[in-house]
Structures are given as C-alpha cells and as structure tokens.
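Here is the structure we will look at.
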Amino acid sequence: MIKQTIKLTLVEMYAIKHALQFKMLNRRAVVSVYKDNPKLKKGLEKLEKDIAHEEVLIKMFESEIRDFREKNNIK
C-alpha cells in the first residue's frame, strides 16, 4: 500500500472522525441484528472487520487532532 500525506484542517479532521464514529455505531447496530440470523454469518464477519478497521482509523484521527492542537497551541 502506498502512503500519501494529505493536509487537513482541524475542522475537517473532526468531521471525518465524527463520520467514522457514526458509521461504526450504525455497523454495530447491524451486527446486533445479524447475530440473530445464522444465514448472515458471512456478512457478519466482514462487518466486524470493518468495525475493527474504523476503530483504528478513529484512534489515528484522535492522535492527529491531539498533535495538531499541541503543535498550533490550540486549547
């Protein structure tokens, strides 16, 4: 995978972080419904992987936001 650096404003970082959090909550709700239906096991595994990946992305954004705020002396 090729890494590419993108400059984002603080507002954009917060917007992306909140969108990821909202999407993750929605996926968790779907997972709770899927658990009741054994026919949907395959879809459940994919959703759980997606949730785990989104959690990592959220932590990365939180770290970047914290670094940005410290670097620019924003309280």
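In numbering that gives the first Met the number 0, the protein residues as written are 0 to 74. Built from N, CA and C at the ideal position, the CB exists for glycine as well. All of these numbers come straight from a predicted model, not from anything done at the bench.
Only counting the same chain, and skipping five residues up and downstream in sequence, which positions put a Cβ closer than 6 Å to that of residue i?
i: K2; result: none
Quick check: the Cα distance between residue i and residue j, rounded to an integer number of angstroms?
i: V32; j: L7; result: 36 Å
i: A51; j: F21; result: 14 Å
i: K41; j: D49; result: 13 Å
i: N36; j: E54; result: 25 Å
i: L39; j: E47; result: 12 Å
i: A18; j: L56; result: 11 Å
Less than 8 Å between C-beta atoms, sequence neighbours within five positions excluded: which residues of the same chain meet that for residue i?
i: N67; result: A small fix is needed here, since residue 67 is Phe in this sequence, not Asn. Excluding residues within five positions, the ones whose Cβ falls inside 8 Å are L9, M12, I73.
i: L43; result: V30, Y33, K34
Query - the segment 24-31 contacting the segment 57-64, beta-carbon criterion three pairs below 8 Å - result: For the pair of segments examined, the segment 24-31 was found not to touch the segment 57-64: the number of CB pairs separated by less than 8 Å stays below three.
Query raised in the report: Can you list, in chain order, the stretches of the beta strand (DSSP E) that have 3 or more residues and sit fully within the segment 5-48?
Result: Positions of the beta strand (DSSP E) runs, each at least 3 residues long and wholly inside the segment 5-48, cannot be given because no such run exists.
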